Amino acid sequence: MNPNYLRFWGVRGSHAAPHASHIGTGGNTSCVEIQAAGHLLVCDGGTGLIPLGERLAAQSELRELLVIFTHYHWDHICGLPFFVPAFLPDWKIRFFGPGQTAADINRHISNQMKAPYFPVETETWMADIEYLTPAAAGLQHGPMHIRYQSVHHPGVTYGYRITIGTHSIVYASDNEVDYLSSSIARRASEFTPDETVEMRDIADEERRADLDFVRGADILIHDAQYTRADYERKRGWGHSCYIDTVNFAIDAGVKTLYLFHHDPSYDDEQVAAIHRESLKIIHDRNATLNCKVAREGMVVEF
Ligand SMILES: [Zn+2]
Ligand SMILES: [Zn+2]
Numbered sequence: 017m018n019p020n021y022l023r024f025w026g027v028r029g030s031h032a033a034p035h036a037s038h039i040g041t042g043g044n045t046s047c048v049e050i051q052a053a054g055h056l057l058v059c060d061g062g063t064g065l066i067p068l069g070e071r072l073a074a075q076s077e078l079r080e081l082l083v084i085f086t087h088y089h090w091d092h093i094c095g096l097p098f099f100v101p102a103f104l105p106d107w108k109i110r111f112f113g114p115g116q117t118a119a120d121i122n123r124h125i126s127n128q129m130k131a132p133y134f135p136v137e138t139e140t141w142m143a144d145i146e147y148l149t150p151a152a153a154g155l156q157h158g159p160m161h162i163r164y165q166s167v168h169h170p171g172v173t174y175g176y177r178i179t180i181g182t183h184s185i186v187y188a189s190d191n192e193v194d195y196l197s198s199s200i201a202r203r204a205s206e207f208t209p210d211e212t213v214e215m216r217d218i219a220d221e222e223r224r225a226d227l228d229f230v231r232g233a234d235i236l237i238h239d240a241q242y243t244r245a246d247y248e249r250k251r252g253w254g255h256s257c258y259i260d261t262v263n264f265a266i267d268a269g270v271k272t273l274y275l276f277h278h279d280p281s282y283d284d285e286q287v288a289a290i291h292r293e294s295l296k297i298i299h300d301r302n303a304t305l306n307c308k309v310a311r312e313g314m315v316v317e318f
């Protein structure tokens, strides 16, 4: 196998959905493995982290990894208490996520394992654990350079841009594309025309910054949780309608988009319908974007 690849271990949003009708897409929550030149990076620790941990414990080549969290909502951390390498003495695990200091990151990660929520605390972890200090210049992990930026989701949530040589992968599992312009449109009646113009300018500027972060990425893994109808009911919740995600990816000149963080209520047929509609948008816009559904177990070489 090519030494550089990514593998989707969990692709669901909000909560696990282990139903027969959903299993073609996958039932586990957010977890993506990226391997480059023998270095392992894990994006998020949802339930998909559990089978990844079992796989890692069963092999003997790797003993080190970095886990980066977009944020600490349950669907992104709940695999961690069952992550076998953390309990093994010969592993070195580094963690990073939103927080002002390494101690903040430690606290956010450790709290879910405190009594009465879990029987063993992170103090029982045998691995050599390190919480990374936030650095404006980003993080380096083997050949991977990792930059992060706040995205639109409740609380502080990061999107990550991972650069490996000339290749770039953007991981933004939870993000409401065009959150500001959407809220302005929704509350239009509350503003004077002057205020509306001013806010539209701010929203435009923000969209430019968001597009810049994603611009030209070879791979974009992005929140595409809702259909238009569901999005209308859930505006401001911090997730995207897939139509906005596809248009955003086209505007940013992304090469391949993976629709991600699928709503747990959508079965395989509903996810397939979202994919068909996405391909139609790309065709209608005469765009070259490659668009796929992120499915559990899928491996992408790069
Ligand atoms: Zn989520
Ligand atoms: Zn969330």
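Going by this note's numbering, the first residue of the sequence shown is number 17, and it counts up by one from there. Ideal Cβ positions, reconstructed from N, Cα and C, are used throughout, including at glycine. Every value quoted in this text rests on a predicted model; they were computed, and no experiment measured them.
Subject >> LEU236 vs ALA188 beta-carbon contact at 9 angstroms >> reply: yes
Original post:
Does ligand 2 have a heavy atom nearer than 8 angstroms to the CB of SER120?
Top reply: Ser is not the amino acid found at residue 120; the sequence shown has Asp there. Outside the cutoff, so no.
Subject >> Cβ-Cβ distance between LEU104 and ALA143 below 9 angstroms >> reply: yes
**OP:** Pick helix, strand or coil for GLN241, following the three-state DSSP scheme.
**Re:** coil
Subject >> Collapsed DSSP secondary structure at TYR258 in the structure displayed >> reply: helix
Subject >> Exposure of GLN241, with buried meaning 16 or more beta-carbon neighbours within 10 Å >> reply: buried
Subject >> Local conformation of ALA153 per DSSP, three classes >> reply: coil
Subject >> Inter-residue Cα distance where the pair is ARG231 and GLU137 >> reply: 41 angstroms
Original post:
Regarding ASP226 and ligand 2, is the C-beta to nearest heavy atom distance less than 8 angstroms?
Top reply: no
**OP:** Following the continuous alpha helix (DSSP H) through MET160, name the residue where it begins and the one where it ends.
**Re:** Unbroken run through MET160 is the beta strand (DSSP E), 160-166; no alpha helix (DSSP H).
Subject >> Contact the stretch 170-186 vs the stretch 101-115: 3+ CB pairs below 8 angstroms >> reply: yes
Original post:
With distances taken between CB atoms, is the gap from ALA219 to ASP239 smaller than 9 angstroms?
Top reply: no
Subject >> Beta-carbon proximity list for ASP210, same chain, < 8 angstroms, skipping 5 on both sides >> reply: none
**OP:** Using only the heavy atoms of ligand 2, determine whether one of them is closer than 8 angstroms to the beta carbon of ASP91.
**Re:** yes
Original post:
Between ALA265, HIS168 and ALA131, which lies nearest to VAL186 when the distance is taken from Cα to Cα?
Top reply: ALA265
Subject >> Own chain residues within Cβ distance below 8 angstroms of HIS291, not counting five before or after >> reply: LEU275, CYS307, LYS308 and VAL309
Original post:
Should ILE50 and ILE178 be called a contact, given that it needs their Cβ atoms to be closer than 9 angstroms?
Top reply: yes
Subject >> Supposed close pair ASP190, HIS299 - CB separation, criterion 8 angstroms >> reply: With a Cβ gap of about 28 angstroms, ASP190 and HIS299 do not count as contacting.
Original post:
Would the C-beta of HIS124 count as close to ligand 4, meaning under 8 angstroms from any of its heavy atoms?
Top reply: Questions concerning ligand 4 fall outside what the structure shown contains, since the ligands it does hold are ligand 1 and ligand 2.
Subject >> Counterpart residues of CYS59 in DSSP-defined beta bridges >> reply: VAL48 and ILE84
Subject >> Burial state of ASN302, where buried means 16 or more other Cβ atoms lie within 10 Å >> reply: exposed
Original post:
When we look at the beta-carbon of ARG28 and count the other beta-carbons within 10 Å, is it buried (16 or more) or exposed?
Top reply: buried
**OP:** Identify the continuous alpha helix (DSSP H) that holds LEU68 and give its terminal residues.
**Re:** 65-73
Original post:
Are the beta-carbon atoms of VAL287 and HIS278 separated by less than 9 angstroms?
Top reply: yes
Original post:
My guess is that VAL270 and ALA233 are in contact by the Cβ rule of under 8 angstroms, so how many angstroms apart are they, rounded?
Top reply: 5 angstroms
Subject >> Whole-Å CB distance - ALA118 paired with THR140, under 8 angstroms assumed >> reply: Not a contact, Cβ separation roughly 20 angstroms.
Subject >> Beta carbon of GLY62 nearer than 9 angstroms to that of SER46 >> reply: yes
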